[in-house]
Amino acid sequence: MKILVINAGSSSLKYQLINMETEEVIAKGGCERIGIEGGKLTHKAHGETYVVERDLPTHTDAISLVLEKLVDKEAGVISSMDEIDAVGHRVVASGEAFTETTLVDERAMELMDEIKDLAPLHNPAAILGVNACRAVMPGKKMALVFDTSFHQTMPDYAKLYAIDYDDYLKYKVRRYGAHGTSHKYVAGEAAKYLGRDLSELKIVTCHLGNGSSISAVKGGVCIDTSMGFTPLAGVPMGTRSGDIDVAAIDYLCEKKGMTMEQGLAYLNKKCGVLGVSGVSSDFRDLVAAKDAGNDRARLALDMFSYSCKKYLGAYMAALGGLDAIVFTAGIGENTSVVRRDILAGLEAFGIALDEEKNAAKNDGSIHDISAKHSRVKILVIPTNEELVIARETAALL
Ligand code: AMP
């Protein structure tokens, strides 16, 4: 069985064609600048990279080009579209409209339309991606795979905000979380790596990238996560503020003459480690600036690590113990000094890092970076959200 995984953004689109028998990626790539002049496709297959520069006015043009490449004589990996058994689409937010992976049909697309606003940057793009595939591959089975599904298991006391309960019922305002496919994947991989049954493990998974979230996973089930109603909550991120007193937003809006909409754009795009450091949203730049003596870069990094440490502590308490901590995504997999700072001073809780193993360069495989005497296993696990989407799609079929 071959599954095409599509991750559509507003002006970009990533794809992977996965052979489900071997779980091997047969081809992958992405389109950039959709709807903007200067469109580009980068396609990787047979160990080669193929680039096509062509204007891509719509997502349908982008999907058409992807399929063209997949069946291309030279760069292709399949002889016809018929070899694609199904398409799995990544969707960022489900609200309460969907609780699990769902087959695309008219009703599902009506619901998708109703929840567009929950992730205004991402959900409309997913709709464009689905519609483009439906136009180019009519009749092909497709699944919607939600970043939020893994978090649906959170108990009410963890997922609800302390607002008027009737407003929760009416408007469905609560914690939904994000990066669910990543948290699910790395928790499963951790259990496999440790040779343990996932159902008996208490794990804190740290997906630390440009967007970051931390989850408490008990017996393979998410019981809490740091992101909230939207991906703005939780630890500070590249450009997002993370948790903040909402009254401060009202105050800032008034002082800076911003509307609420502008205030939210500010919190999403101009804050986080970028806002604090004034240097960059990229952790590689921040570490370099800190090493060169930049105090605000140091402060931004300290704030990030401290916030992650607090979530880790809170989730240890929520889980009632801890067997493993998993680091994943760009920062989690690569930025060893951040892992070191998050875990510093936690020896009393049985968490001890092997400094040498932690400092080793990421080679894309799973690493146990815990010290011999550490009671809690500390693992670095490369995430693979596309594989989870493909697995979910295959399972639904
Ligand atoms: P992500 O959103 O998962 O792609 O993560 C992006 C973040 O990871 C950025 O802040 C990068 O600076 C950070 N990062 C650190 N080292 C690397 C690396 N070797 N490759 C990619 N991202 C990295």
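Using our numbering, read the sequence shown as starting at 426 and increasing by one per residue.
Think of the CB as a built atom: it goes at the ideal place given N, C-alpha and C, for glycine as much as any other residue.
Where the alpha helix (DSSP H) through residue i begins and ends
i	result
His514	Where His514 is concerned, there is no enclosing alpha helix (DSSP H), although the beta strand (DSSP E) it sits in stretches over Ala511 to Val516.
Glu817	Glu810 to Leu821
Val430	Per DSSP, Val430 belongs to no alpha helix (DSSP H); it is in the beta strand (DSSP E), Lys427 to Ala433.
Ala713	Phe708 to Asp716
Ile488	His484 to Leu495
First through last residue of the beta strand (DSSP E) which encompasses residue i
i	result
Glu478	Glu473 to Glu478
Cys696	Careful: Cys696 lies outside any beta strand (DSSP E) and carries neither H nor E.
His468	Lys465 to Ala470
Ser732	Segment Asp720 to Leu744 is the alpha helix (DSSP H) holding Ser732; no beta strand (DSSP E) there.
Asp530	Looking at the DSSP string, Asp530 is not in any beta strand (DSSP E), and its letter there is neither H nor E.
Leu442	Leu438 to Asn444
Leu633	Lys627 to Leu633
Glu457	Glu449 to Glu457
Straight-line Cα distance separating residue j from residue i
i	j	result
Asp507	Glu446	17 Å
Asp779	Ser799	9 Å
Leu546	Gly620	39 Å
Gly487	Gly700	The question names Gly, yet the displayed sequence has Ala at residue 487. Ala487 and Gly700: Cα-Cα distance of roughly 34 Å.
Leu692	Met662	10 Å
Met685	Glu781	47 Å
Asp668	Glu535	32 Å
Ala819	Arg721	47 Å
Lys469	Asn787	22 Å
Ile674	Ser732	19 Å
Val496	Leu442	12 Å
Tyr740	Glu772	16 Å
Thr655	Val762	28 Å
Thr483	Asp766	44 Å
Cut-off 7 Å between Cβ atoms - residues of its own chain near residue i, not counting five sequence neighbours on either side
i	result
Gly789	Pro807
Ala533	Thr527 and Leu569
Ile588	Val598
Asn809	Tyr610
Tyr590	none
Lys439	Asn432 and Gly455
Ala777	Ser795, Ala796, His798 and Ser799
Close-in-space but distant-in-sequence residues of the same chain around residue i (CB under 8 Å, 5 per side omitted)
i	result
Lys735	none
Gly755	Leu633, Gly634, Asn635 and Phe708
Ala583	Arg600, Ile648, Asp649 and Ala743
Gly613	Leu623 and Gly645
Sequence-distant residues of the same chain with beta carbon closer than 6 Å to residue i, five excluded per side
i	result
Gly746	Lys627
Val476	Thr467
Ser435	Ala550
Cys501	One detail in the question is off: residue 501 reads as Gly in this sequence, not Cys. So the qualifying residues of the chain are Leu495.
Glu811	Val430 and Gln441
Min CB distance residue i to chain C below 7 Å
i	result
Met579	Considering every chain present, this structure includes no chain C. It has just one protein chain.
**Request:** Please list the segments of the beta strand (DSSP E) lying wholly inside the segment 561-607, counting only runs of 3 or more residues, in order along the chain.
**Result:** 566-571
**Request:** With a cut-off of 5 Å, give the chain-ordered residues whose Cβ is closer than this to any heavy atom of the ligand AMP.
**Result:** Gly634, Asn635, Asp707, Phe708, Arg709, Ala754, Gly755, Ile756, Asn759 and Thr760
**Asked** Can you list the beta strand (DSSP E) stretches of 3 or more residues lying completely in the segment 753-818, in chain order?
**Response** 802-805
**Request:** Please specify which runs of the alpha helix (DSSP H), each continuous and at least 4 residues long, are wholly inside the segment 641-684, giving them in chain order.
**Result:** 671-681
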